[in-house]
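In the working numbering, the protein residues as written are 8 to 219. Each residue gets a CB set at the ideal place from its N, CA and C atoms; glycine is no exception. Structure first, commentary second.
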C-alpha cells in the first residue's frame, strides 16, 4: 500500500513543472514569432534565416515532448491544487497588451530582457522591422539592470521568469536607477491576479507567444 510520502515523492516539484512549462512556451513562441518574421521578410536571406530558426525550434520541441508523459503523471496532482483560486481572491485584472497597434512616428528605445536566446533574437527582429524601436538586449536579470543603468530606455520588456534574478527583483533594482521606469512583463504563464502586475511602474503584460 502506498502512503502519503510515496505520493509526494512521485509528484513533480512545482518549480520543475513551471520550468518545463516556461521552456515549452518559449519554444512555441519562437516557432510562431519566427513564422511571423518569415512573413515580413524583405529578402531571400531574411526568409532563409527565419526558416532556420523555425527548424531549430521544432527540433528542440521534439526533444522536449519526449518528457511530457512522465512529467504530467507526476505533476497532475500538485499543479491542480496550486492553480486553484477561490472566488473571494478575485481582483481587478491588469492590462493585457496587444489589443491593437501603437501609432507612433518616432523611434523609441526598448530593453528586451529575455533568457531564451531564440525568442530574444526574434523579439528584437520583430520590433526593429517596424522601424519604430531601437532594441537593446539583455539575456538575464543582472545584465538587464546593468544595461538599463548604462542608459535608461523608454520601455523595458521584462521576462517574469528568468534564472537567477527574477522579474520582481529586476523591477525593484530598475526603480532605484529610475523611479519613472516603465515595465511590460512578458511570460508564458501570466497570472492576471499576481500582485507583481500591480506594482508601481508596471504598465501591462504580454502573454507568450506574443503576436507580431
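Sort the options by Cα distance to residue i and report the nearest one.
i	options	result
residue 153	41, 207, 182, 40	182
residue 40	52, 64, 51	64
residue 113	131, 127, 135, 130	135
residue 204	167, 46, 36	167
residue 66	124, 38, 137	38
residue 210	50, 199, 216	199
residue 177	133, 195, 155, 160	155
residue 122	132, 133, 149, 115	149
residue 217	201, 202, 196	196
residue 53	133, 174, 202	133
residue 175	160, 159, 201	201
residue 139	127, 115, 159, 160	115
Could you tell me which residues DSSP puts in a beta bridge with residue i?
i	result
residue 115	140
residue 63	Per DSSP, none; premise fails for residue 63.
residue 163	118, 190
residue 145	120
Is the Cβ-Cβ distance between residue i and residue j less than 7 Å?
i	j	result
residue 188	residue 157	no
residue 164	residue 129	no
residue 119	residue 144	yes
residue 45	residue 57	yes
residue 215	residue 36	yes
Between which two residues does the beta strand (DSSP E) containing residue i stretch?
i	result
residue 204	Taken as a continuous stretch (DSSP letters only), residue 204 belongs to no beta strand (DSSP E), as it is neither H nor E.
Which stretch, first to last residue, makes up the alpha helix (DSSP H) that contains residue i?
i	result
residue 177	174-184
residue 153	148-157
Measure how close the beta-carbons of residue i and residue j come, nearest whole angstrom, since I'm counting them as under 8 Å.
i	j	result
residue 147	residue 169	6 Å
residue 162	residue 142	Not really, about 10 Å apart at Cβ, beyond 8 Å.
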